[in-house]
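Beneath this line is the structure, given in structure tokens, with notes to follow.
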Amino acid sequence: MALPSEHFTVYVAFNLVIFVLFNFTVGGSSSVLSLLQPYDYLYYSGVRAYYGEEWGKAAELLEKSIGTKEALLRVRRQCHDDCVAAGRDALNKLDSEDNSLWDLWALDWIQQKAECLRFCMGRSITRTGQLPVSTDIEYEFGTRNPYNFLQVTYYKLEKLQKAASAAHTYFVANPSHLEMRNNIEKYRRMEGVTEDDFQDREIENEKHWVLYDAALQHEASSDWVQAADKWKACVNETLQQIEECRVQCEVSPQRLPEDRGEDSVDGAFEKAAALSLSLLSCRQSCVTQIATRPGRISAQEDFLPTQLEHLHIAQYKAGDISGALQTLLSFLLFYPSDKGSLDNLQLYYETLGGARESQGTKPAQEIVRYINRSLQEKKLLYFGMESFDFSFIDPDLWTPEDAVPKSLRENWRAEKEKVNEKTTHEEQQEEVDDSGFFSGGPVLQVGVTITMDDEALNGTNRVVLDGVMTEKECDSILQLATVAASLGDGYRGRRSPHTPHETFEGLTVLRAVKLAQDGLVNQSDAKLLHELGERVRVLLHSYFRSPSGLFIAFTHLVCRSAIAGDQEGRLDLSHPVHVDNCLLEPETNQCWREPPAFIHRDLSAILYLNDKFDGGELFFTKRDAKTITARVKPSCGRLVGFSSGPVNPHGVTAVTSGRRCALALWFTKEKLYRDMEREEAEAMWSVDGQSVLKTDEEEPEGSSTAGRNARSRAPSDRSRGRDRVTGGKDEL
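Shown next as structure tokens:
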């Protein structure tokens, strides 16, 4: 049922007035222990216990503050759902009574709904628990700072698995937090802690991002059926998360303008209008909130339309033309004049036999409702800007011009033009490498020659060097791989992490050293594996003329073997196109510098050991992940080096027979991110073969600093980050 538009502003005003009065007059006894207590009070109490080194009490209170906040959101949602029907009879009269009585029936409906909410929440939440929390508390929980306290608290209590989980949960939202990265590395080496302990406890609120990343991965491997399924699930989950956010806007207590630090407004009508507009603004901001990844400052623009664009392409390539047509029609609701989409629309019509035969296909109803509701709210908010000097920043790029009052359009166009100029500039700067490397320096090692440079490889900061290893050295490392490499190393034991048509084996320097000390492999081979990393570092540091130091971030001996009898008709890659230090999004030509990408990596390299296999070529592409710019065929002693950023997307063609082995290496300009496993291996050698083990007595950093929130802990450059602690080792 549609409310008469001329009365909608009154309805919103009445709704907020009644609801705000409800929030400040709700009854209930705070002495009843079964009622939810204020989670900000529990949090502050937990912090006090933390500084008093009352670890057990601190853990209990901090956990209770997190659990109470989650329970509060659930209670609010349940009460909202239970009270939706409240006053339904009065609501139904709005369409049947005379217009002169419309406002009275609306007030009756709002009063009944507010009474229902007051009673419902009063049964579960204390009076103080229903009051709004401070902006500082919102920030603390928004940046997951309670988990910062919890990880140290659980360490003190010797509950290492819980400490690891808390550390990882905090780190996901604060990937530039240096101490937490070090703590996670320490936890990973502690006895009793496994990879499964590094769980994100807030994952329930991030399901749409999990689906988003899964859909991109299926796209990268051209698995269009799975990609379409994941994109559809992602769209549905995004809509659900936005709806949940909107409900919380409605049932959460609203502060008056003066309580938010703004100029006071006089009069009941002005206050009602201000509160109404605040509610609408809160609902509109849900788009930005849901489109912002944990750990990122800004939201992904056009989040929902982008998903629809991905979805219709995946459906088309999966053969679901009808589904692709409906999705494209839904996308066109956002951008009705988009030329590329209109061309695709014509293609879909022709594929289905013409527009007449496809007339029954309509846009998805949930998208239609989403658009209509959002436009209605935008018009009211722009009316508030024009009439009440209300401040509103539209979160969407798709807002049509006719939704904006004429008096505001000039400023609106100017802001939109700024966004377009920024996007155009970013596209023009796509191939600019800001890594700080400058190829063309000297190659100092005798016998090493430059086979391909930037020009031959059609790119920036790329090189192929030959003669880096001798045949004898290649044979030694190949033998080491045959004896010591383990299936799925670095990928939680998965034997085929990239494609089901190949098995994957890996070996790290530290594992080789330990096997050598146990007498299972030759000590000289393990030392050669270690030395090769330094050899490559010196070569590339000189050739790419790095102005600062270059440190080895990770070394991984990797072998891929084609599975016999499972190669016919292969269309996949041995390793999909990717970028080493950012998340490549080919459809938008964007590369996001955020976890799970290894965003601290600056330079990448692969040192080949053999060529007796079919396929397995390294290739570079543009950011579309399709346009191949160069290919490199492996051979013993051939080294490929390149900057790790978005100018160098790359992949590996399918290995269709034989076994391809290579040494993958990554380098960083920041000493903090050097490979600690190499240092552990060096320490083991330094004591004449006596193993030096890392003990669990290393105390996580932060016991004296965890109280500082994320604002004081994160470096100013938020683009620097850490390895994804729950993922496997990347490789080339």
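First residue of the sequence shown: 625, per this note's numbering; consecutive thereafter. Heads up, the beta-carbon is just placed ideally off N, CA and C, and yes, glycines get one too.
Q | Close-in-space but distant-in-sequence residues of the same chain around K1295 (CB under 6 Å, 5 per side omitted) | A | Cβ neighbours of K1295 beyond the five flanking positions: F1175.
(Q) Please classify G1157 as buried or exposed, where buried requires at least 16 other C-beta atoms within 10 Å of its C-beta. (A) Buried: at least 16 other Cβ atoms inside 10 Å.
Q: Report, in whole angstroms, the separation of the C-beta atoms of D837 and V911, which I expect to be a contact under 8 Å.
A: D837 to V911, Cβ: 20 Å. No contact.
Q) What are the boundary residues of the beta strand (DSSP E) that P1200 is part of? A) Residues H1199 to H1202.
(Q) Mapping the DSSP letters down to three states, classify Q1214 as helix, strand or coil. (A) DSSP places Q1214 in strand when its eight states are reduced to three.
Q) In chain order, what residues of the same chain lie with their CB nearer than 7 Å to the CB of A948, ignoring the 5 residues before and after it? A) Taken in chain order, the residues that qualify are H936, Q939, Y940 and Y972.
Q) For G1091, which option in Q754, A896 and V1264 has the closest C-alpha, if you only look at C-alpha atoms? A) Taking only the C-alpha atoms, the option nearest G1091 is V1264.
Q: Look up D1090 in the DSSP assignment and say whether it is helix, strand or coil.
A: In the structure shown, D1090 sits in a strand (DSSP, three-state: E or B).
Q | Cβ pair C1285, A1105 closer than 7 Å | A | Taking 7 Å as the cut-off, the Cβ atoms of C1285 and A1105 count as close.
Q | Assigned secondary structure, T1280 (DSSP; H/G/I helix, E/B strand, else coil) | A | In this structure, DSSP gives T1280 an extended state, which the three-state scheme calls strand.
(Q) For Q1214 and C1206, what's the separation of their Cα atoms in angstroms? (A) C-alpha separation (whole angstroms): 9 Å.
Q | Length of the line joining the Cα atoms of T1075 and V1087 | A | Spanning the alpha carbons of T1075 and V1087 requires a straight line of approximately 8 Å.
Q: Could you please give the first and the last residue of the uninterrupted beta strand (DSSP E) stretch that includes H1165?
A: That residue, H1165, is in no beta strand (DSSP E); its alpha helix (DSSP H) goes Q1147 to Y1167.
Q | Terminal residues of the beta strand (DSSP E) in which G1065 lies | A | Per DSSP, G1065 lies in no beta strand (DSSP E) segment and is marked neither H nor E.
(Q) For L1289 and F1178, I'd like the C-alpha separation in whole angstroms. (A) The alpha-carbon atoms of L1289 and F1178 are separated by roughly 6 Å.
Q. Hey, how far is the Cα of L657 from the Cα of L696?
A. The predicted model places L657 with a pLDDT of 49, which falls under 50 and marks its position as unreliable, so this point remains unresolved.
**Q.** Simplified DSSP assignment, three categories, for G1143
**A.** In the structure shown, G1143 falls within a coil segment according to DSSP collapsed to helix, strand and coil.
Q) If we count the other Cβ atoms within 10 Å of its Cβ and call it buried at 16 or more, is D706 buried or exposed? A) The residue in question, D706, is exposed, as its Cβ has fewer than 16 Cβ neighbours within 10 Å.
(Q) Measuring only the C-alpha atoms, how far is T930 from P1258? (A) Put simply, the backbone Cα of T930 is about 38 Å away from that of P1258.
(Q) What residue range does the beta strand (DSSP E) around F1175 cover? (A) Going by DSSP, F1175 is part of the beta strand (DSSP E) stretching over F1175 to A1186.
Q. Thinking C-beta only, is P1124 closer than 7 Å to V1203?
A. Their beta carbons are not under 7 Å apart, which means V1203 does not touch P1124 by this criterion.
Q: Tell me whether the beta-carbon of L781 lies closer than 7 Å to the beta-carbon of W679.
A: Yes, the Cβ-Cβ distance between L781 and W679 is below 7 Å.
Q: Answer with buried or exposed for N1272, where buried requires no fewer than 16 other C-beta atoms within 10 angstroms of its C-beta.
A: Answer is buried; the Cβ neighbour count reaches 16.
Q. What number of angstroms, rounded off, separates the C-alpha of S653 from the C-alpha of Y668?
A. Note that S653 has pLDDT 37, beneath the 50 cutoff, so the model's placement of it is unreliable and no number is given.
Q) In the region 898 to 954, which residue ranges form an unbroken alpha helix (DSSP H) of at least 4 residues, counting only runs that do not cross its ends? A) Look at the region 898 to 954 and you find these whole runs of alpha helix (DSSP H), each 4 residues long or longer: 927 to 941.
Q. Taking the beta strand (DSSP E) that D1238 falls in, what are its first and last residues?
A. Where D1238 is concerned, the enclosing beta strand (DSSP E) starts and stops at F1237 to G1239.
Q.
Going by beta-carbon coordinates alone, are I808 and A787 separated by less than 7 Å?
A. No.
Q. Going by the beta-carbon positions, is the gap between T862 and H832 smaller than 7 Å?
A. Their beta carbons are under 7 Å apart, which means T862 touches H832 by this criterion.
Q.
Would L1233 and S1166 be called neighbours here (beta carbons separated by less than 7 Å)?
A. Between L1233 and S1166, the C-beta gap is not smaller than 7 Å, which leaves the two residues out of contact.
Q) Tell me the DSSP bridge mates of L1207? A) Per DSSP, the beta-bridge partners of L1207 are W1216.
Q: Would you identify the three-state DSSP class for I1017, choosing helix, strand or coil?
A: DSSP places I1017 in coil when its eight states are reduced to three.
Q: May I have the straight-line CA-CA distance separating Y779 from R672, to the nearest angstrom?
A: In this model, Y779 and R672 are separated by some 18 Å (Cα to Cα).
Q. Can you pull the DSSP bridge partners for C1285?
A. C1183, per the DSSP bridge assignment.
Q: Go through its chain and collect everything with a Cβ distance to S1328's Cβ below 7 Å, but skip five positions before and after it.
A: Model confidence at S1328 stands at a pLDDT of 38, short of 50, so the residue's coordinates are unreliable; what they give is reported in the following sentence. Closer than 7 Å at the Cβ level, and outside the excluded window around S1328, lies no residue.
Q: Pull up the CB-CB distance for G1169 and G1065, whole angstroms please, since I reckon it's below 8 Å.
A: Note on identity: in this sequence residue 1169 is Arg, with Gly being the wrong assignment. In this structure R1169 is in contact with G1065, their Cβ atoms being roughly 4 Å apart against a cut-off of 8 Å.
Q) What do you get for K693, buried or exposed, if any count of 16 or more other CB atoms within 10 angstroms of its CB means buried? A) Classification for K693: buried.
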